[in-house]
Amino acid sequence: MAALLGSYTVPLLGVSIFIATLTYFTYKQLSGYLQKWFVMKPIPELEGTYPFIGNALQFKSNAGDFFKQIQGFATDFYDKPLFKIWIGMIPFVVLFHSETVETIVSNPAHMEKAHAYNFLHPWLGTGLLTSTGAKWRQRRKMLTPTFHFSILMDFLEVMNEQSEILVGKLEKQAGKGPFNCFSHVTLCALDIICETAMGKKVYAQSNSDSEYVKSIYKMSDIVSSRQRKPWLWSDFVYYYFGEGREHDRNLKILHSFTRKVIDEKAEKMSDIESDSEPEEGMKKRRAFLDMLLKTTDEHGNRMSRQDIQEEVDTFMFEGHDTTAASMNWALHLLGSNPEVQRKVQQELQEVFGSSDRPITMEDLKKLKYLECVIKETLRLFPSVPFFARTIREECHIKGFTIPEGANVTIVTYSLHRDPRYFPEPEQFRPERFFPENSVGRPPYAYIPFSAGLRNCIGKTRRTSLSSLIELLPYRHSASMSCIAVFAFYYNQVSASL
């Protein structure tokens, strides 16, 4: 009998440990949830909030519809300083007024990205966008020199080339009535991002069927979809019932591509360094990857291949989508406002006349009105319409307590429509950003690139990404290319990191 019981001892012990562990984590989860529930109870909330599932069942599955819901909630609660949403057992406090936003983004204790960003880890690892703490500080310090003004000069050449291709495609549509320019602009943005990030041409504008091109867009959709569905947050559930296999298939394509490019670039760089007599007169166009391979920390240590891949993948993810979105909105707004078009045309004529020459940095500095057009585009349609942080230190906003562990969502889209600082906020008025009209505007009333320590790393070089004119009566190619280049220059090098 003793021998028989002994044969069950190990399995029973394993089951007991499993049950005890499960009980502990369940208790910890529930106690944390209940503590937040009671502390945050005074904060205004949506109707139809239920225990444990919160408001999850109210949210639309489509990304566009979901965003409209968030926008609508912010409008409904406009007279309140904040409100809260529960997604499953995780609370999100929503902010959309400059004075409440400042409390969060100006405090170094609240730099950590929210839980929803964790679903980017398989793709981006813990690069500049998703890392936190000491790693984020070190990585930010290492990468800041890669956005030096002289380096961006090299990017301008790529923007000129790819923008000319886009202009040619758009000119073929002139006079044929309205058309959907989204795909054209998006592929152009991807061509620019790939070449400036990796030094690799993907020819997206001529080959939209590229496996890498398709995977980068599919992966963005997959991650976004999972973020909105708390029932798929568990890896087990996601891979059993969700899009786990499709996620991994696209992930393999993306990582294989970037790994191959990094290996090829590293090998080529090694060959160049060993060649004591490089070809005379050879001009080397630098890419983000070239600089990552040479970047060192304060101790002279270079980044590992994994570190480099994280930053290249992050640059690709953050750059292509935000760039394309801003360009498309700029096209739409310029096409819908003939008087603004006319003023842009006049400024371009003053700077370029009838010249077809490539755009230079000096040219961009002279385009003051166009810069205001870009800023106003990003006010109405910020590249990142909302972003979220995790609270790591209890804070108080307008008399309400937000406990440690809660999440805060900042709705930039609604923040930029505050009539106190932007009268008639739905109107497209570039003149809002004339110096004399910006006096007295709070610094946190307009944050298209986030704000505080975690603002975009290329903020000083980016005021927008778009102004390729769709139906511009003044069709000179120089003006079209200039607008495209100006937009890319200010937008593609930054992200809310």
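Just so you know, the UniProt record's numbering puts 60 at position 60 of the sequence shown, and the rest follows in order with no gaps. We treat Cβ as the ideally placed atom computed from N, Cα and C, and that holds for glycine.
Evaluate contact between the stretch 54-62 and the stretch 363-378, counting only Cβ atoms and requiring at least three cross-stretch pairs below 8 Å. no
Compute the Euclidean distance between the alpha carbons of R137 and E112, then round it to the nearest angstrom. 12 Å
Alpha carbon to alpha carbon, what distance is there between Q309 and H247? 18 Å
Out of A56, F96 and D79, which one is the CA nearest neighbour of Q71? F96
Could you tell me the alpha carbon to alpha carbon distance between E424 and V237, rounded to whole angstroms? 46 Å
Return the chain-ordered list of same chain residues with a C-beta closer than 6 Å to the C-beta of P358, the five sequence neighbours on each side being excluded. N160
Residues that A388 bridges to, as DSSP identifies them: T409
Helix, strand or coil, according to DSSP, for K202 in the structure here? Checking the displayed sequence, the identity of residue 202 turns out to be Val instead of Lys. In the structure shown, V202 sits in coil (DSSP, three-state: anything other than H, G, I, E or B).
Euclidean distance between Cα positions of K375 and T21: 53 Å
For G281, which residues in the same chain have their Cβ closer than 6 Å to its Cβ, ignoring the five residues on either side in sequence? With a pLDDT of 41 at G281, under the threshold of 50, the modelled position of this residue cannot be trusted; read the value that follows with caution. Within the same chain, G281 has no close Cβ partners at all.
Would I253 and E211 qualify as a contact pair, given that the criterion is a beta-carbon distance under 9 Å? yes
By DSSP's criteria, W123 is part of a beta bridge. Which residues make up the other side? Partner(s): none; W123 has no beta bridge.
In whole angstroms, what is the alpha-carbon distance linking E195 and F352? 27 Å
Assuming T130 and L120 make a contact with CB atoms under 8 Å, what is their CB distance in whole Å? 6 Å
Run of the beta strand (DSSP E) containing I43, from where it starts to where it stops: I43 -> no beta strand (DSSP E), and no H or E assigned at all.
Any idea what DSSP makes of V101, helix, strand or coil? helix
Would you decide whether R305 is buried or exposed? Buried here means 16 or more other CB atoms lie within 10 Å of its CB. exposed
Helix, strand or coil at S326 [DSSP, three-state]: helix
Can you give me the C-alpha to C-alpha distance between D290 and F381, rounded to a whole angstrom? 33 Å
For L57, report the span of its alpha helix (DSSP H) as first-last. Note, L57: premise wrong, no alpha helix (DSSP H); not H, not E.
Output the distance between the C-alpha atoms of M316 and V202, rounded to the nearest integer angstrom. 13 Å
Jot down the residue ranges of each uninterrupted alpha helix (DSSP H) in the stretch 223-302, minimum 4 residues, whole runs only, in chain order. 235-241, 244-274 and 288-294
Can you give me the Cβ contacts of E404 inside the same chain, cut-off strictly under 7 Å, excluding the 5 residues immediately before and after it? I391, R392, E393 and E394
Let me make sure I understand the geometry here. Which of F73, R417, S270 and C372 has the alpha-carbon closest to that of F434? C372
Same chain only: Cβ atoms within 7 Å of G48, ignoring 5 sequence neighbours per side: N55 and Q58
Determine which residues share a DSSP beta bridge with F83 and list them. V94
Do I222 and E243 count as a contact pair if the criterion is CB distance below 9 Å? yes
Using the three-state DSSP reduction, which class does Y50 fall into: helix, strand or coil? strand
Just grab the DSSP bridge partners of P338 for me. Looking at the DSSP assignment, P338 forms no beta bridge with any residue, so it has no partner.
Where do the ends of the beta strand (DSSP E) carrying F400 lie? F400 to I402
Counting only beta-carbon atoms, is E47 nearer than 9 Å to chain D? Checking the listed chains, one finds no chain D in this structure; it contains a single protein chain.
Can you look up I397 in the DSSP assignment and give me helix, strand or coil? strand
Over what stretch of residues does the alpha helix (DSSP H) that includes I447 continue unbroken? Run containing I447: none; DSSP gives neither H nor E here.
Let me check one thing: in DSSP terms, what residues is K113 bridge-paired to? R389
Leaving out five residues before and five after Y421 in sequence, what residues of the same chain have Cβ atoms less than 6 Å from its Cβ? R441 and A445
Tell whether a beta-carbon distance below 9 Å holds between A406 and C188. no
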